[in-house]
Amino acid sequence: MKNIISFICTTVIAAVSLCSCSDNNTSFEPLSSAYEAETTTVTTTVTAKPATTVKATAEAAVSETVQTTAAETAVSAVSLLSSPGDISLTDTDGLGQNYTFTYGEETFRALYEPDNWHIYNSCMIEDHNDIVLICQALITEHPIHSADMQSMRTAEDMAYEWEQHNIAYYLLPESSRWKEDTRDVDLDAKDQGKSLLELFMDRVG
């Protein structure tokens, strides 16, 4: 995991370096008039790659990291569920807002607000198939809109968003101020289909 974090840091530093070099012309003028006749002005022009290229490079690097991390998680995670009903989703306040569900031997809390499911400690659930089944149970109880606000989100695309948060949680160091935010996942319309890089840029941009 440390190698993955190092890889991400290297990529970000490289991208920042490319951006900072954009349109930067450095000229070295003669030190004194006495040497003007003998000194040739040297002009060095650093041409940065277009911003789209830098972004594409960063996205490719993050994509590779995400695939590596997802592969590692897939090896370690084991499916515990066979159907959405296995989690025993329960409306604890009778208002259709506060819920609990069971997974393994743990009880998890979920909060429903209009077009938003908030899952506490979602980072503790890693198996893709189980996440899909949990999301199916959630949207059976309360469907949420897609990004176009016309269609409805599916269990599969909600699972993708959940997994992006999981990956961010395990990649971020303990000292990061964003780590705690990635412990829980908000499944809503605005983050549908967004990659790890896009989620990060939304929060820092």
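Those letters in the sequence shown? Residues -22 to -1, 1 to 183, by mature numbering (1 follows the signal peptide of the UniProt record, and there is no 0). Even glycine gets a Cβ: it sits at the ideal position worked out from N, Cα and C. Computed from a prediction, not measured in an experiment: that's the story for all the values here.
Run through DSSP, which three-state label would residue i get?
i    : result
E152 : coil
Y98  : coil
T68  : strand
E176 : helix
E84  : strand
Do you know offhand how far residue i's Cα is from residue j's?
i    : j    : result
D64  : W156 : 32 Å
E152 : H143 : 15 Å
D164 : L73  : 19 Å
Q75  : A115 : 14 Å
D135 : W95  : 13 Å
E55  : D108 : In the sequence under discussion, the amino acid at residue 55 is Ala, which differs from the Glu named in the question. In a straight line, the C-alpha of A55 is about 10 Å away from that of D108.
S124 : R87  : 23 Å
P62  : L111 : 5 Å
Going by DSSP, what residues sit across from residue i in a beta bridge?
i    : result
N76  : L89
H123 : M130
D164 : H96
What's the call for residue i, buried or exposed, on a 16-neighbour Cβ count within 10 Å?
i    : result
Q170 : buried
P92  : exposed
D166 : buried
T85  : exposed
T70  : exposed
M127 : exposed
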